[in-house]
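Q: Per the UniProt record's numbering, residue 1 is the first one in the sequence shown, and the count goes up by one each step. Have a look at this one before I ask anything.
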Amino acid sequence: FCGDTTWYWKENFPHSYEAIYGNYQNNVLANIIFVDFQQQGERGLTNAPDEDPDDLSTGYYGSAYRSPENWTTALRSSHFSTAARRGIISDR
Numbered sequence: 001f002c003g004d005t006t007w008y009w010k011e012n013f014p015h016s017y018e019a020i021y022g023n024y025q026n027n028v029l030a031n032i033i034f035v036d037f038q039q040q041g042e043r044g045l046t047n048a049p050d051e052d053p054d055d056l057s058t059g060y061y062g063s064a065y066r067s068p069e070n071w072t073t074a075l076r077s078s079h080f081s082t083a084a085r086r087g088i089i090s091d092r
């Protein structure tokens with residue numbers, strides 16, 4: 001499975017984005033299953049604090065609980081919101 005990345009990468013690095021994800025999308029012979037996380041061209045939510053709130057009804061703790069010690073990058077807008085994309089593969 002291969003999924004595309006956030007809108008941040010698509011907007012800021014369009015040539016690289018197209019080279020990488022364009023090749024994955026069109027490579028059916030290599031048995032690559034491409035999952036478009038940007039459904040219908042939407043921007044989608046990211047892990048930026050204002051887009052990744054807690055959802056305590058499901059036990060999800062949003063980005064307010066993340067810090068430099070437990071997060072991969074300070075550029076949270078470059079990653080999808082985990083809660084927003086949960087189930088996207090199984091739903092398809």
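Using N, Cα and C, we set each Cβ at its ideal position, and we do this for glycine too.
Can you tell me the Cα-Cα spacing of Gly44 and Trp7, whole angstroms?
A: 7 Å
Q: Return yes when the Cβ of Thr46 is within less than 7 Å of the Cβ of Ser81, no when it is not.
A: The Cβ atoms of Ser81 and Thr46 lie closer than 7 Å to each other.
Q: First and last residue of the alpha helix (DSSP H) that includes Trp9?
A: Trp7 to Asn12
Q: I'd like to confirm the pairing. Which residues does DSSP put opposite Thr46 in its beta bridges?
A: Phe80
Q: Quick one: what does DSSP say Tyr61 is sitting in, helix, strand or coil?
A: coil
Q: Could you tell me which residues DSSP pairs with Val28 in its beta bridges?
A: Per DSSP, none; premise fails for Val28.
Q: Hey, Gln25 and Phe34 are a contact pair by Cβ (cut 8 Å); roughly how many whole angstroms apart?
A: About 5 Å; that satisfies the 8 Å criterion.
Q: Looking only at C-alpha atoms, which of Ala83, Asn12, Lys10 and Glu11 sits nearest to Ala48?
A: Ala83
Q: Would Tyr61 and Asp50 be called neighbours here (beta carbons separated by less than 7 Å)?
A: no
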